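Before any comments, here is the structure.
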Ligand code: PMP
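Numbering (full-length UniProt numbering), first residue to last: 14 to 421.
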């Protein structure tokens, strides 16, 4: 049974033994950042202790090793997402930078006045604001796919948004605020029927399900290591090679050039064209170790067990009077966003913390979703495979005690 097996993996995560307010930590903020297993921590220490040097530019021993390790991490990422070629994997600082790279490199080159960009109501601010900046600069327009009360995108409305001016679609694979899994494969196919490329924000999908960029046929796919048991400061932009080749570089500097003179600079080949300057070498190598760890556990097993946690948590929370789940639909990752009648989410988070329970409260960088449901904020419990049903019981007990405090 995957649950029993995965519960044993808790021992791989030293931070889970932390006590908060004298109580065992119940870490339910995995959608913001997940925790790191010992194997990734060991990898970072080993690298920094014995292998560190700057990459790509030297022939000396350490630089060669560091370069090999960095490029080995890129290969791991390629296989993890099923990219056709390794040069289609660009290391960035994270999802936000990946999206900004596409906005600058593709958007500023190919999107012009009067053109239209399709986004959805479920986007994180990092997949809204760059496109707004572009639209403002170019005189382009943003069109938004609406959602229903269950937090699902309306596909009919999506279809209707396409016209001769549509140039780009940017859409999340999974909503960070609600957990909704969007039908991205179908939506990509629809965009392609109109000849429109699609960027998928995979920040909340890549940690929880097997992603295959060739099966999805997405044009770009962005995600971050720190949500998938890896370090902060590193992420990936996958892009189809011919699109990446057609694009302007995002940042100028060392390593992204083939030759430089004051008359003319020619750019390096993929993927280096988009990796100006010294990259976060240690973080990239740590990302590779995190990919090894996740692959060993198995993404399908992770998805099955996390679904079990979702079902259990949904039942537990729905059974508490006065608590409502926002965006309760059957196609979700293990995220439960909820409100408690008469109690502000900030107070919920603060009081749960006193019970050792870590949830996130606020608008989750997705204010349009809050506006859609006419609420200022929610409390969000987001699960990883190392969470347990016992921790969900602790969450439910915590919610009941919050209600008691406010009933006094
Ligand atoms: N998109 C989604 C759906 C996210 O959940 C997040 C992180 N909260 C981001 C983008 C931004 O990721 P990062 O902060 O790692 O750049």
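Idealized CB from N, CA, C, for every residue including glycine.
Bear in mind the structure is a predicted one, so any value in this text is a computation, not a measurement.
Taking the alpha carbon of residue i as the reference point, which residue from the options has its own alpha carbon closest?
i	options	result
residue 253	211, 215, 70 and 390	211
residue 412	329, 383, 344 and 395	329
residue 105	81, 331, 293 and 311	293
residue 284	37, 100 and 414	100
residue 138	151, 259, 414 and 112	112
residue 35	401, 369, 416 and 376	369
residue 376	399, 351, 18 and 156	351
residue 381	182, 398, 57 and 136	136
residue 149	130, 295 and 286	130
residue 102	312, 286 and 397	286
residue 57	302, 336 and 354	302
residue 417	203, 406, 68 and 334	334
residue 267	59, 68 and 166	68
residue 37	379, 367, 378 and 383	367
residue 347	360, 309, 401 and 304	401
residue 203	178, 173 and 219	173
residue 415	379, 388 and 365	365
Report the partner residues of residue i according to the DSSP bridge assignment.
i	result
residue 133	158
residue 371	40
residue 183	212
residue 235	214 and 250
residue 278	273
DSSP three-state call for residue i: helix, strand or coil?
i	result
residue 167	coil
residue 191	coil
residue 118	helix
residue 251	strand
residue 124	coil
residue 102	strand
residue 291	coil
residue 273	strand
residue 90	helix
residue 26	coil
residue 283	coil
residue 349	strand
residue 34	coil
residue 108	helix
residue 356	strand
residue 245	coil
residue 262	coil
residue 178	coil
residue 143	helix
residue 223	coil
residue 76	helix
residue 68	coil
residue 21	helix
residue 97	coil
residue 268	coil
residue 5	As shown, the chain starts at 14 and ends at 421. That puts residue 5 outside it, with no answer to give.
Please list, in chain order, all residues of the same chain as residue i whose beta carbon is under 6 Å from its beta carbon, the five residues on each side excluded.
i	result
residue 234	213, 215, 226 and 251
residue 232	210, 211, 253 and 256
residue 261	118 and 122
residue 191	164, 340 and 350
residue 259	none
residue 247	238, 293, 296, 297 and 300
residue 171	158
residue 33	369
Considering only residues of the same chain and omitting the five flanking positions on each side of residue i, which have a CB-CB separation below 7 Å?
i	result
residue 386	339
residue 147	116, 120, 121, 124 and 153
residue 271	279, 280 and 281
residue 144	116, 130, 132, 155 and 183
residue 83	68, 294, 297 and 298
residue 178	127, 128 and 129
Near residue i, which residues of its chain fall below 8 Å by C-beta distance, leaving aside the five closest residues on each side in sequence?
i	result
residue 373	42, 44, 45, 362, 392, 393 and 395
residue 27	51 and 54
residue 354	335, 336 and 337
residue 176	129
residue 325	402 and 405
Completely contained alpha helix (DSSP H) runs for the stretch 295-344, where each covers 4 or more residues: 312-331
Runs of alpha helix (DSSP H) lying entirely within the stretch 377-420, each at least 4 residues, in chain order: 380-386 and 402-420
Beta strand (DSSP E) runs wholly inside the stretch 193-218, at least 3 long, in chain order: 211-214
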